[in-house]
Amino acid sequence: MVTERSRRSYSSATPSSRRHRSRSPHNGDRRREEAYHRHRYGRDYERDGRDYERDGRDYERDGRDYERDSRRMDAQRKVSPGYDKEGRENGNESHQKTQHSDKPSVEVETGKDNNQPQKPRVPISLDELLQQRETEKQANDRPKFLTKTDRQKLAMEKRQKEVEEQRQKQDEERRQQEEFQRRAIEEARLNGYGRDRRDYYDRYDRDRPDRYERSRVRDRDNIDKRPTEKQDNNEDEKLDEKELQAIRERYMGGERKKRKIRKMNEKKFVFDWDAGEDTSQDFNPLYAAKHNAQMFGRGHFAGIDIKEQKRDRAQFYNQLLEERRTLDQKDRAEERMEIDRKKELKSMWDDRHWSEKPLSEMKERDWRIFKEDFNITTKGGSIPNPIRSWVESGLSERILNLIESIGYKEPTPIQRQAIPIGLQNRDIIGIAETGSGKTASFVIPMLVYISDLPKLTEENMSDGPYALILAPTRELAQQIEQETLKFAAPMGFNCVSIVGGHAVEEQAFNLRNGAEIIIATPGRLKDCLDRRILVLNQCTYVVMDEADRMIDMGFEADVNLILDALPVSNVKPDTEEAENPAEMLKKIGQKERYRQTVMFSATMPAAVERLAKRYLRRPAVVTIGTAGQAVDTVEQRVEMINDEGRKKARLLELLQGSFDPPIIIFVNQKKGCDVLARALNKLGYRATTLHGGKTQEQRESALAHLKNGTMDILVATDVAGRGIDVKNVSLVINYDMAKNIEDYTHRIGRTGRAGQSGVSITFLSNADADVMYDLKQMILKSPISRVPPELASHPNAMAKPGSYVSKRKHEETIFQ
């Protein structure tokens, strides 16, 4: 509250004394703050004013552009011959008149000067109304043509509307900004420190030059006394002694101070009584044998653990029931307990590996992990689980003994999945890498299939074999025959091969006593069928091995003819019944039985898929690894050699190296095969040849010499690239690179078979540019192979053949 005395003292003060009080530190800070706000708002207001002027100039420019475009359009309308004075199209107006004339008239025309009597108004009929609506609908559906002038007019109207909306938006923003500035200035004025704020600003403006002059003089006098920013930073960065000691101990090491561990029971008083502190047992014998009353229902004693009471009570009743139950009741109780235990185990998390579990405890997760471990992929419905070992395969004791005698210790991945499917009489498509044991995966189910059929007699041996195996080459057919005889001969089955190179009469003589299994190439088998030497009236098991190779060799028509010669009465239905194992197994051992078709291939081109779709019914597809990929046990090496002389010298260096025989060398031409083999024989190497120009006896002799060790080196073409199984091949040399990556895959598959390791060395030249990219990608997928720098940086290995690769800017050549 302001008193009269304070008013007198203030009024009696001189102007100089009031000015001196206004220059106190408190009043000075207040003036500086107000001056800062006023200066900042002034700058903002000036900047906004410049923005408004610039926007006004933009609006004027847009208006001039709009007027210029309007004048140009008016001039164009006057010059155009197809428009009238008002800018309308003459044809369009006549068309509109025609449309108006076509509309049915609803009202009766009333003419002023017409002498005829006026007709009365009648309501429109339903037909006329429907016709009118149909006419309007047709008019609306008819596309409307807009002239160039109409389109320009619509565009100008749209542009004018956009400019107007933008102008309104900017005006609104400008109004809001002005309102905001006005409120800010008003709030700054109202937040002053008294009623004499305007006088205070006047005093501030009046005294500002003197104050600035005094501030400059004071700064000049104290310029050396003021601390610099660098000195302030140095003072802040000073470290105290404790921080330096901590850094020293961290980097130079020091005594580690062990943290004192306090025991949990230390300084903790135990309030519970110990059983040893009870002295009543020494004086009263009743405490030694206490009597516990049994409670019924949910009753319990207060002050005692409820869980312990329930446990004791359950134990008492279990003992009582055990004494009163009979043996049958005990057996039923054990069965129920076993069922409950299995349910509990099924719900529990079991982290044991699948190899540590019995077959009954294998879960869906374990089978999924099992397939991932062996890289097995399946497609189709009702596919059984793979076999973990031969003992768990479900085969007969006789076949298991044969498997053990042959030396098959563990099934391969394709055998683990294909054998269970084959035992269910399902059609199979097997896609597996070379050397994966595909032969046994279809021979074992085939022998089980034939075992349930009646023996061949003189009455039915003329109807043909029970099983047929097709192979693309003679060597592969003979190799399959050797593997099949290991199982078929001890079981009493006759196996005959029908391949080219032998006399037809000789093969007909071998069929005189009939055969349960026939292994043939498509060409020779077709010849035998045409000559009526052989029929397939009771053939119900068909295997096509290396189906992709048969298609590539041009046997597609022959294969179709052979499969069409099979009986059609036992073809499976193309329904879900073909995927039901129970339905398929019902026909086994009966005269009406379904045909089972099995196809194995390393790749799945379109022709093979077409063949499978035609002759297989709801097949189960089994893929091991990646289709068309080499085995991971083969180390692939590539050497860039363009000179023929250097290539021969490098070949001799490899043959003199540490690789043990047998060794297979692949070339592309038959003539080059013979030339290279003669040169190696002159140098003292034991080499033999195998190509399409040899007779069947010469082919068989060459393979036999290589297998029994008489010859160390086999020089061959792609005839030996597929299906030839020679044990312990340590090295495969591609003297000439294959023409495509599929043949290369089968070539190097001659080594590293049955889980063993092997090495393949390829001589690459600039003439092999078409396969460089695919070869590089295949080597990159191999975990034990490495791409050489020459191949990795070769231009033809950067992209697929035929694809366009854009050059980088620094690689482009500019011609002036």
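Position in the sequence shown (from 1) plus 593 gives the number in this note's numbering.
Ideal Cβ positions, reconstructed from N, Cα and C, are used throughout, including at glycine.
Output needed for residue i: all residues of its chain with C-beta closer than 7 Å, excluding positions within five of it in sequence on either side, in chain order.
{"i": "alanine 1096", "result": "none"}
{"i": "lysine 1119", "result": "Asp1151, Leu1154, Ile1155"}
{"i": "threonine 1190", "result": "Asp1020, Val1135, Tyr1208, Leu1209"}
{"i": "isoleucine 1091", "result": "Gln1100, Ile1111, Ala1113, Arg1117, Leu1118, Cys1121"}
{"i": "histidine 1300", "result": "The sequence given here has lysine at residue 1300, not histidine. For lysine 1300, where only same-chain residues beyond five positions count, the Cβ hits under 7 Å are Val1319."}
{"i": "methionine 955", "result": "Trp947"}
{"i": "tyrosine 645", "result": "Arg767"}
Give me the Cβ distance between residue i and residue j, rounded to the nearest whole Å; I'm assuming they're in contact under 8 Å.
{"i": "aspartate 1020", "j": "arginine 1186", "result": "Not really, about 14 Å apart at Cβ, beyond 8 Å."}
{"i": "alanine 1070", "j": "threonine 1114", "result": "6 Å"}
{"i": "isoleucine 1073", "j": "alanine 1082", "result": "The Cβ separation is near 14 Å, so there is no contact."}
{"i": "valine 1128", "j": "glycine 1057", "result": "5 Å"}
{"i": "isoleucine 992", "j": "leucine 1040", "result": "7 Å"}
{"i": "isoleucine 1306", "j": "isoleucine 1234", "result": "So it is not a contact: roughly 19 Å between Cβ atoms."}
{"i": "proline 1006", "j": "isoleucine 969", "result": "6 Å"}
Identify the continuous alpha helix (DSSP H) that holds residue i and give its terminal residues.
{"i": "glutamine 761", "result": "741 to 783"}
{"i": "glutamate 901", "result": "899 to 917"}
{"i": "glutamate 1075", "result": "Strictly speaking, residue 1075 in this sequence is glutamine, with glutamate absent from that position. Taken as a continuous stretch (DSSP letters only), the alpha helix (DSSP H) holding glutamine 1075 covers 1067 to 1084."}
{"i": "serine 998", "result": "990 to 999"}
{"i": "glutamate 729", "result": "719 to 734"}
{"i": "lysine 964", "result": "957 to 966"}
{"i": "arginine 1009", "result": "1006 to 1015"}
{"i": "valine 1036", "result": "1031 to 1044"}
{"i": "serine 1294", "result": "1289 to 1301"}
Of the choices the options, whose alpha-carbon is the least far from that of residue i?
{"i": "isoleucine 1110", "options": "Pro1065, Glu1098, Asp1157, Ile1037", "result": "Ile1037"}
{"i": "glutamate 1003", "options": "Gly1015, Leu1016, Gln1017, Ser982", "result": "Ser982"}
{"i": "threonine 1133", "options": "Val1319, Gly1107, Ala1060", "result": "Ala1060"}
{"i": "lysine 1264", "options": "Lys1300, Met1365, Ile1062, Ala1309", "result": "Ala1309"}
{"i": "tyrosine 1001", "options": "Thr1032, Gly1023, Ile1024, Pro979", "result": "Thr1032"}
{"i": "glutamine 1131", "options": "Glu836, Ser1194, Asn1053", "result": "Asn1053"}
{"i": "arginine 1230", "options": "Met1137, Ala1205, Ser1353", "result": "Ser1353"}
{"i": "glutamine 1383", "options": "Met1365, Ser1375, Pro1394, Pro1376", "result": "Contrary to the premise, residue 1383 reads as glutamate rather than glutamine in this sequence. Among Met1365, Ser1375, Pro1394, Pro1376, the Cα nearest to that of glutamate 1383 is on Met1365."}
{"i": "glutamine 1289", "options": "Glu836, Glu1068, Glu1139, Met1192", "result": "Glu1068"}
{"i": "arginine 1167", "options": "Lys1369, Ala1200, Pro1212, Ala1175", "result": "At residue 1167 the sequence reads aspartate, which differs from the arginine that was named. The residue with the shortest Cα to Cα distance from aspartate 1167 is Pro1212."}
{"i": "phenylalanine 1259", "options": "Asp1329, Thr1216, Ser989", "result": "Asp1329"}
{"i": "serine 986", "options": "Gly1015, Lys1287, Ile1062", "result": "Gly1015"}
Can you name the start and end residues of the beta strand (DSSP E) that residue i belongs to?
{"i": "asparagine 1327", "result": "1324 to 1327"}
{"i": "alanine 1113", "result": "1110 to 1113"}
{"i": "phenylalanine 1259", "result": "1256 to 1259"}
{"i": "glutamine 1229", "result": "1227 to 1233"}
{"i": "phenylalanine 738", "result": "It is not in any beta strand (DSSP E) - phenylalanine 738 carries neither H nor E in the DSSP assignment."}
{"i": "lysine 972", "result": "969 to 972"}
{"i": "cysteine 1132", "result": "Counting along the chain, cysteine 1132 falls outside any beta strand (DSSP E), and DSSP gives it neither H nor E."}
{"i": "methionine 1192", "result": "1189 to 1194"}
How would you label residue i, buried or exposed, when you count the other beta carbons within 10 angstroms and need 16 or more for buried?
{"i": "aspartate 563", "result": "Absent from the structure is residue 563, since the part of the chain shown begins at 594 and ends at 1409."}
{"i": "alanine 1270", "result": "buried"}
{"i": "asparagine 994", "result": "exposed"}
{"i": "phenylalanine 773", "result": "exposed"}
{"i": "arginine 1379", "result": "exposed"}
{"i": "isoleucine 999", "result": "exposed"}
{"i": "threonine 1050", "result": "exposed"}
{"i": "proline 1013", "result": "buried"}
{"i": "asparagine 1018", "result": "buried"}
{"i": "histidine 946", "result": "exposed"}
{"i": "tyrosine 910", "result": "exposed"}
{"i": "glutamate 1139", "result": "buried"}
{"i": "asparagine 1327", "result": "buried"}
{"i": "valine 1312", "result": "buried"}
{"i": "lysine 818", "result": "Because lysine 818 sits at a pLDDT of 47, beneath the cut-off of 50, its placement in the model cannot be relied upon, and the point is left open."}
{"i": "phenylalanine 1193", "result": "buried"}
{"i": "glutamine 922", "result": "exposed"}
{"i": "lysine 1393", "result": "exposed"}
{"i": "glutamine 1414", "result": "Nothing about residue 1414 can be reported from this structure: the residues present for the chain run from 594 to 1409 only."}
Quick one: what's got a C-beta closer than 6 Å to residue i's C-beta in the same chain, skipping five residues either side?
{"i": "asparagine 1274", "result": "Ala1280"}
{"i": "lysine 972", "result": "Val1214"}
{"i": "asparagine 1389", "result": "Ala1362, Met1365"}
Quick one: is residue i near chain D, going by C-beta distance under 8 Å?
{"i": "valine 1089", "result": "No chain D appears in this structure, which consists of one protein chain only."}
Cutting at 8 Å between CB atoms, please list the residues of its own chain near residue i, excluding the five before and the five after it.
{"i": "methionine 749", "result": "Tyr659, Asp662, Ser663, Met666"}
{"i": "serine 1055", "result": "Gly1107, Val1128"}
{"i": "glutamate 1149", "result": "Met1143, Ala1200, Leu1204"}
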